[in-house]
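In our numbering, the protein residues as written are 9 to 534.
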């Protein structure tokens, strides 16, 4: 911004917006000089550039530019299933995912070529770091890559020297991320880091690799004291084993962390994406099995084996956690480019014109695909949250700058960003210390006594608590209301009345209601 001002270039334009009484006049700004616009603008730029990357990726994998066209068109035809960036741009994964696409493109190049040029390996290292830094779950995705590459190495689809270089690069990436994140020990205690170390002590026995990775992961977690950090692997384990506690329920009760919707495969089928990918996968398996038993040209098709194994991993993740369609749908679009591959379908293209097959498939895809695009274009809306605006205005003008607030994590993020007041919890829930504080804060929605909750909040130096009436009763699915979650966590108080109802009726003597509207109630901690 300072550089732009130096050259006399305007980076921000602001207007004073006069609104109907009793709403106050507000200032509205746009341009990259505004922090919020800059933040969202960078995300949209990254995701826009990603589409060019998808074209290059699909074209390289399939060996023809038509493959790149298919990848991009499939992404847009399935846009509602492929990304959430248009709904919630400020997510950490919105920064992170474009670098995973770059990383997988570079890895594909490394697997396909026999060159030992260092530049692709350096690029792989940098893209790994760029992918890991913004998003806490990135390491588990990279773990699935190692889990896909290791059996390929055992079978012979990757040269040992090349595989070792890939592992070295991943190790360096972990160390760089650890340093750049100021010594965050989560990078050293993940399944990803453990799998990298176990790769060097396991030669052929795949079972030893899995067993050693799990054991080493738990050992490093204990040694580094980060066993209570929550990870994607914990959520998957909770989903499979049906294990529940307060922390896992906070995640898994959210709609985006539920199982994949039953309608999702049907939506994939209508755009022909699922049938095309299934046909491609069958032909890849057929080719892999034939080459394995004939022991011919294994090294020439490593990228096909890798993408197939990665597809299986992404499918499993997306079925267990709906939010992870973020990885499955775009990867299916990349895999769809292989319908143009002469390696797989040369026998067909010798009988039927190549262009006729491809354009025929694109025509069928576009029937439902265009309808999906039209539905996306018709989504026009404007964000409006008057109750929260009233809350923020009250906080800004009726409390001291050092007053400490607590409440629901999304609301606290807004309080911090809009009023700059100190808060005790926010949505960085994978951090163990923050998770412990949030559990105390959310005890207002439990059956504990008002005095006990007040005392705990006082220990956190909370001055004001933002109570949301909807959180007292909202239930996304059976077992997922805050009261039901607390009954699992704190069965000893299950017979007591809900504290939230008590506070809504009369917060005294431990709290005093100082502000309320249709959604929020601010309680002063006495």
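Backbone N, C-alpha and C define an ideal beta-carbon position, used for all residues, glycine too.
Proximity of residue i and residue j at Cβ, strictly below 8 Å
i           : j           : result
residue 331 : residue 264 : yes
residue 58  : residue 128 : no
residue 352 : residue 431 : no
residue 491 : residue 505 : no
residue 447 : residue 254 : yes
residue 34  : residue 48  : no
residue 377 : residue 277 : no
residue 108 : residue 149 : yes
residue 414 : residue 461 : no
residue 181 : residue 137 : yes
residue 141 : residue 185 : yes
residue 250 : residue 260 : no
residue 79  : residue 65  : yes
residue 174 : residue 118 : yes
residue 281 : residue 340 : yes
residue 62  : residue 104 : no
residue 530 : residue 474 : yes
Pairwise C-alpha distance: residue j and residue i
i           : j           : result
residue 345 : residue 165 : 21 Å
residue 32  : residue 23  : 14 Å
residue 214 : residue 147 : Unreliable placement is indicated for residue 214, whose pLDDT of 48 sits below 50; the coordinate value is still reported in the next sentence. Approximately 21 Å between the Cα atoms of the pair.
residue 456 : residue 18  : 55 Å
residue 60  : residue 27  : 42 Å
residue 403 : residue 287 : 58 Å
residue 102 : residue 188 : 20 Å
residue 399 : residue 528 : 7 Å
residue 200 : residue 314 : 17 Å
residue 513 : residue 100 : 39 Å
residue 46  : residue 392 : 21 Å
residue 441 : residue 289 : 44 Å
residue 363 : residue 327 : 35 Å
residue 426 : residue 454 : 28 Å
residue 366 : residue 486 : 46 Å
residue 495 : residue 468 : 24 Å
residue 236 : residue 438 : Confidence at residue 236 is low in this model, with a pLDDT of 47, below 50, so its placement is unreliable and the value that follows should be read with caution. Cα-Cα distance, rounded: 9 Å.
residue 212 : residue 163 : Residue confidence for residue 212 is low, a pLDDT of 48 falling below 50, so the modelled location carries little weight; the figure read from the coordinates is stated next. So the two alpha carbons sit approximately 9 Å from each other.
residue 194 : residue 178 : 15 Å
Residue i - DSSP class collapsed to helix/strand/coil
i           : result
residue 404 : helix
residue 214 : Low per-residue confidence applies at residue 214: pLDDT is 48, beneath 50, and the placement is therefore not dependable enough to give any value.
residue 161 : helix
residue 52  : helix
residue 155 : helix
residue 411 : coil
residue 536 : Since the first and last residues shown for the chain are 9 and 534, residue 536 lies out of range.
residue 532 : strand
residue 186 : helix
residue 24  : strand
residue 519 : strand
residue 538 : Given a span of 9 to 534 for the chain in the structure shown, any question on residue 538 remains unanswerable.
residue 327 : helix
residue 144 : coil
residue 387 : coil
residue 437 : coil
Buried versus exposed, by CB contacts within 10 Å (16 or more), residue i
i           : result
residue 130 : exposed
residue 52  : exposed
residue 298 : exposed
residue 534 : exposed
residue 481 : exposed
residue 121 : exposed
residue 445 : buried
residue 151 : buried
residue 526 : exposed
residue 434 : buried
residue 312 : buried
residue 190 : exposed
residue 405 : exposed
residue 320 : exposed
residue 157 : buried
* Asked: Below 8 Å, can you find three or more Cβ-Cβ pairs linking the stretch 82-96 to the stretch 373-388?
  -> yes
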